[in-house]
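Trainee: In order, the protein sequences belong to chains A and B.
Residue numbering for the first sequence follows my numbering, beginning at 7 and increasing consecutively.
Residue numbering for the second sequence follows my numbering, beginning at -13 and increasing consecutively.
What follows is a single structure, and I will ask about it in a moment.
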Amino acid sequence: MNLPGNDKRPAGGDLVIPLLAGSFAVYYISTVWDLPWEAKANGLVLGSLLVLLVLASVFGTLHSLYRGTASLSLRKLIEPIQFQSKRLGLVALMIAFIAIMPYLGFTLTLFTFLVLAMLLLGVRSVRRLLSVAAIAALVGYLMFIMLLDTPFPHGPVEALLGKIL
Amino acid sequence: MMQWDLTQALALFLHTLGYWWVIIPSVLLGILVGAIPGLNAANTIILLLPLTLAMDPEVSMFFMVSLYCATHLGGGIPAILINVPGTGGAAASTLDGYPMSLKGMGQQALAMSFVAATAGGLIASIATLLLLPFLSRIGYYVHSVEMVVIMLFGIILIAAIAAKNMLKGLIAGVFGLLLGSIGADTIYSAPRATFGFLELFSGLPLVPVLIGLFAISEALIMIEHEIVASKTGAHDKDAVWAQTLEGIHMAAQRWWHIVWTSFVGLFIGIIPGAGATIASFVAYQQSRMYSKTPELYGTGHPEGLIAPECANNGVGPGTLVPLMAIGVPGGDTAAVMMIVLQYHGIVLGPRLFLTTPNLAYGVFIAMLLAYLFMLLTILPMTRYLSRVTVVSSKYLVPIIIAFTLVGSFAPREYGFDMVVALVFGILGYLCRKTGFHVAALLIGVVLGPYIEQNLMRALRISNGDASVLFSSTLGNLLWAMLVLTLLLPWLRQWWVGRAAAPPRA
């Protein structure tokens, strides 16, 4: 049964998690291979089981490809395509958020992240951008720094608010 | 152990009621804490430890149990409204709660879940009080072998629940179990699959994993829609009190469902280590298995929300049974409570019920009162809470990401944990897009360390003989149930197919 291109099930995306899982299982087994049995028994059992399940999944996909009912398209993973740039932008902002916090401090980083993320997602009103980010950052400061005393990195805002409050 | 006598019970009830000034603020704090992913009863009690240790033992215990119960209820709020469970126990509530919100029934779903949760907690508290002399013995019969089977049961159940495709569910579950086995082993402290990170030596941190899999991945999906409820075009913009009443009515119509799923939670809660996450998924699966309309589960079916909520809240009283009766904490919050009680010089165990009945029984009465107060305080709020689904995702997504990322830092105070949340956020996104259920992955990560602990204990007792796993009657019974659960969906499908097939000429 060979279906036309567009009618085929896009199975490429379905292979991503099994391949990640399979690779991790192989890595896990490689790290426990030389350990005493007590330290590796659980990993060997679970790792082998996972590899078997992954092989079953890959075999199923290959069978569908052979029958012509599926394609290796990644459509399922990337559609709707128009949101991918925003999604990648958000991931980049999250990486920047984590990396910059030790330098700018908790509150200023939170404020900056919120402004940039809202801007990326399409908020254009400067008043709204600044007010929502400022209120959220203040709530974050009150909850995490003042109330729960979580040791987030301190920056200029914490120093200033610490003197005022 | 003390036998029940009505006058004494009434005196205990009134005595505990006198602590309303502790219970009510704890309930309100607990709902708030439960609704914020990354915060839970255990880490809040730890954060407030200086305050808790300074309190009188009874006050501190009533504070902790009220907070604990309320976090279970609070965790369901974001699970229903934005598909982000506040606590692990609320993960199963996303399966049908969130689809209800997408249909524009967020307010009904909240009201129904509050009624189910409080009824579940009340039923379990009352049942615990009545059955306490007998329930306290169950913990004696569950050993490492039974624990291994119960945990595998948890994975199979979630695979079956997730399973529009069972193979995908099993891959996600076993992948999670292996991820949960990252870290140094308990005997030789040899690092396993840590990628060279010292921060992973004690295993994957659960809160960042939960935040990544549920909150961040959902936020990455949410940007495709203007508002949360817009996926189906329906929303709660015109939320009215009638919808709250409708939710209450929907819960009341399913009173029997509430009763039996609360007992599922209670009995699983008694098993040390099992906890709310397993209980809610087991209740969901059992509910679907015995339903006349299993195909509706996952589409916003009321029973699919009631079952996990009742079990999630039924767990609370159950978890405290082994703690109070035999001094074995049933979960992380119970372990923190144990530390506080030990600080006050209180010896846990059967004698506690004879020496300090006000505390031993009072804890369960405090739970009962906490649930009563919860019902009164939370129901009027449903109308306003449900409006979250109409906040534009342009604002909601950055706020969810920012606050959950910092929430992942809070428990261990490692910047590394925010990276873990981000990595699991991307993994969760890939899972969601390709039909691998994130809940199965999460349950695997949660159970990974426990399954290894119990497997090792069983194997060491038997000098490495694997047949020990089939050596107990209760264990074998559980194995049989596990195999049956694995086969039942196929048998059912086969039976339906056979019934639908045209008769042969």
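Cβ atoms here follow ideal geometry from the backbone N, Cα and C, with glycine treated the same way.
Since the model is a prediction, treat every value here as computed from it, not as a measurement.
Residues in the stretch 121 to 141 of chain A with C-beta within 9 Å of chain B's C-beta atoms, listed in sequence order?
Mentor: 121, 122, 123, 124, 126, 127, 128, 129, 134, 138, 139
Trainee: What residues of chain B sit near residue 100(A), judged by a beta carbon separation below 7 Å?
Mentor: What you label residue 100(A) is simply residue 94 of the first sequence in a count that begins at 1. The contacting residues are 387, 391, 408.
Trainee: Closer than 8 Å, Cβ to any Cβ of chain B: which residues of the stretch 26 to 43 of chain A, in chain order?
Mentor: 26, 27, 30, 31, 33, 34, 37, 38, 41, 42, 43
Trainee: Identify, in the order they occur along the chain, each residue of the same chain with its Cβ nearer than 6 Å to the Cβ of residue 19(A), setting aside the five sequence neighbours on each side.
Mentor: Within the first sequence, numbered from 1, the residue matching residue 19(A) stands at position 13. Answer for residue 19(A): 80, 82, 83, listed in chain order.
Trainee: Going residue by residue through the stretch 245 to 296 of chain B, where are the continuous alpha helix (DSSP H) segments of at least 4 residues, counting only ones entirely within it?
Mentor: 261 to 275
Trainee: Express the C-alpha separation of residue 207(B) and residue 414(B) in angstroms, rounding to a whole number.
Mentor: In the second sequence, counting from the first residue as 1, residue 414(B) sits at position 428. In the second sequence, counting from the first residue as 1, residue 207(B) sits at position 221. Roughly 10 Å between the two C-alpha positions.
Trainee: So, using beta-carbon positions, are residue 128(B) and residue 465(B) closer together than 8 Å?
Mentor: Translated into the one-based positions of the second sequence, residue 128(B) becomes position 142. Translated into the one-based positions of the second sequence, residue 465(B) becomes position 479. No.
Trainee: Using 8 Å as the threshold, is the stretch 416 to 432 of chain B in touch with the stretch 151 to 160 of chain B, meaning 3 or more CB pairs across them?
Mentor: yes
Trainee: Is residue 11(B) buried or exposed, if buried means 16 or more other CB atoms sit within 10 Å of its CB?
Mentor: What you label residue 11(B) is simply residue 25 of the second sequence in a count that begins at 1. Exposed.
Trainee: Where does residue 281(B) land, buried or exposed, given buried means 16+ other C-beta within 10 angstroms?
Mentor: Translated into positions along the second sequence, residue 281(B) becomes position 295. Looking at its Cβ environment, which holds fewer than 16 other Cβ atoms inside 10 Å, residue 281(B) is exposed.
Trainee: For residue 59(A), which residues in chain B fall below 8 Å Cβ to Cβ?
Mentor: If you number the first sequence from 1, residue 59(A) lands on position 53. Under the 8 Å cutoff, chain B gives 153, 156, 157, 160.
Trainee: What is the rounded straight-line gap between the Cα of residue 8(B) and the Cα of residue 49(B)?
Mentor: Numbered from 1 along the second sequence, position 22 holds the residue referred to as residue 8(B). Numbered from 1 along the second sequence, position 63 holds the residue referred to as residue 49(B). For residue 8(B) and residue 49(B), the distance between alpha carbons rounds to 6 Å.
Trainee: Using CA atoms only, rank isn't needed, just tell me which of 409(B), 342(B), 109(B) is closest to residue 26(A).
Mentor: Numbered from 1 along the first sequence, position 20 holds the residue referred to as residue 26(A). Among 409(B), 342(B), 109(B), the Cα nearest to that of residue 26(A) belongs to 409(B).
Trainee: Using the Cα positions of residue 83(B) and residue 77(B), report the straight-line distance between them to the nearest angstrom.
Mentor: Indexing the second sequence from 1 puts residue 83(B) at position 97. Indexing the second sequence from 1 puts residue 77(B) at position 91. Each residue's Cα considered, the two are about 10 Å apart.
Trainee: Can you check DSSP and say which residues form a bridge with residue 77(A)?
Mentor: Against the first sequence, residue 77(A) aligns to sequence position 71. Paired residues: 16(A).
Trainee: Starting from residue 92(A), find everything on chain B with Cβ-Cβ shorter than 7 Å and list it in chain order.
Mentor: Numbered from its first residue, the first sequence carries residue 92(A) at position 86. Residues of chain B passing the Cβ test: 209.
Trainee: Does the CB of residue 156(A) have a neighbour CB from chain C at under 8 Å?
Mentor: Absence of chain C from the displayed structure is noted, the protein chains being A and B.
Trainee: Of the choices 245(B), 111(B), 368(B), whose alpha-carbon is the least far from that of residue 231(B)?
Mentor: Counting from one through the second sequence, the residue named residue 231(B) turns up at place 245. The shortest Cα separation from residue 231(B) among 245(B), 111(B), 368(B) belongs to 368(B).
Trainee: Does the Cβ-Cβ distance between residue 116(A) and residue 138(A) come in under 8 Å?
Mentor: As a position in the first sequence, residue 116(A) is number 110, starting the count at 1. As a position in the first sequence, residue 138(A) is number 132, starting the count at 1. With respect to residue 138(A), residue 116(A) sits apart: the two C-beta atoms are not nearer than 8 Å.
Trainee: Mapping the DSSP letters down to three states, classify residue 131(A) as helix, strand or coil.
Mentor: As a first step, residue 131(A) is located in the first sequence; it is residue number 125 there, counting from the start. Here residue 131(A) sits in coil by DSSP.
Trainee: Relative to the alpha-carbon of residue 417(B), which residue among 16(A), 23(A), 128(A), 123(A) has its alpha-carbon at the smallest distance?
Mentor: Mapped onto the second sequence, residue 417(B) falls at position 431. Among 16(A), 23(A), 128(A), 123(A), the Cα nearest to that of residue 417(B) is on 23(A).
Trainee: Our contact map puts residue 87(B) next to residue 62(B) with C-beta atoms below 8 Å; I'd like the distance itself, whole angstroms only.
Mentor: Translated into the one-based positions of the second sequence, residue 87(B) becomes position 101. Translated into the one-based positions of the second sequence, residue 62(B) becomes position 76. About 12 Å separates the two Cβ atoms, so there is no contact after all.
Trainee: Just reading off the alpha helix (DSSP H) that residue 424(B) is part of, what are its end residues?
Mentor: Residue 424(B) sits at position 438 when you count from the first residue of the second sequence. That run of the alpha helix (DSSP H) goes 424 to 447.
Trainee: In angstroms, rounded to a whole number, what distance separates the CA positions of residue 81(B) and residue -7(B)?
Mentor: Translated into positions along the second sequence, residue 81(B) becomes position 95. Translated into positions along the second sequence, residue -7(B) becomes position 7. Cα-Cα distance, rounded: 44 Å.
Trainee: Straight-line CA distance for residue 322(B) to residue 31(B)?
Mentor: On the second sequence, residue 322(B) is found 336 positions in, with the first residue counted as 1. On the second sequence, residue 31(B) is found 45 positions in, with the first residue counted as 1. One alpha carbon belongs to residue 322(B), the other to residue 31(B), and they sit about 7 Å apart.
Trainee: Any C-beta of chain A sitting closer than 8 Å to the C-beta of residue 171(B)?
Mentor: Taking the second sequence and counting its residues from 1, one reaches residue 171(B) at position 185. Closer than 8 Å to some Cβ of chain A, the Cβ of residue 171(B) qualifies, so yes.
Trainee: With a threshold of 8 Å between beta carbons, is residue 14(A) in contact with chain B?
Mentor: As a first step, residue 14(A) is located in the first sequence; it is residue number 8 there, counting from the start. By this cut-off, residue 14(A) is not an interface position.
Trainee: Between which two residues does the alpha helix (DSSP H) holding residue 204(B) run?
Mentor: Your numbering for residue 204(B) matches position 218 in the second sequence. From DSSP, the alpha helix (DSSP H) with residue 204(B) extends over 203 to 208.
Trainee: Pairing CB atoms from the stretch 191 to 203 of chain B with CB atoms from the stretch 466 to 482 of chain B, are three or more of them under 8 Å?
Mentor: Because the criterion of three Cβ pairs below 8 Å is not met, the stretch 191 to 203 of chain B and the stretch 466 to 482 of chain B do not touch.
Trainee: With 16 as the cutoff for other CB atoms within 10 Å, does residue 404(B) come out buried or exposed?
Mentor: As a working note, residue 404(B) is residue 418 in the second sequence. Classification of residue 404(B): buried, given that the 10 Å Cβ count is 16 or more.
Trainee: Going by the beta-carbon positions, is the gap between residue 383(B) and residue 192(B) smaller than 8 Å?
Mentor: Here residue 383(B) is taken as the residue at index 397 of the second sequence, counted from 1. Here residue 192(B) is taken as the residue at index 206 of the second sequence, counted from 1. Cβ atoms of residue 383(B) and residue 192(B): not closer than 8 Å.
Trainee: Measuring only the C-alpha atoms, how far is residue 106(A) from residue 437(B)?
Mentor: Along the first sequence, read from residue 1 onward, the residue named residue 106(A) stands at position 100. Along the second sequence, read from residue 1 onward, the residue named residue 437(B) stands at position 451. If I take the Cα positions, the gap works out to 38 Å.
Trainee: Given this structure, state the Cα-to-Cα distance separating residue 284(B) from residue 291(B), to the nearest angstrom.
Mentor: Here the question's residue 284(B) lines up with position 298 in the second sequence. Here the question's residue 291(B) lines up with position 305 in the second sequence. Here the alpha carbon of residue 284(B) sits roughly 9 Å from the alpha carbon of residue 291(B).
Trainee: According to DSSP, which residues form a beta bridge with residue 379(B)?
Mentor: Taking the second sequence and counting its residues from 1, one reaches residue 379(B) at position 393. Partner(s): none; residue 379(B) has no beta bridge.
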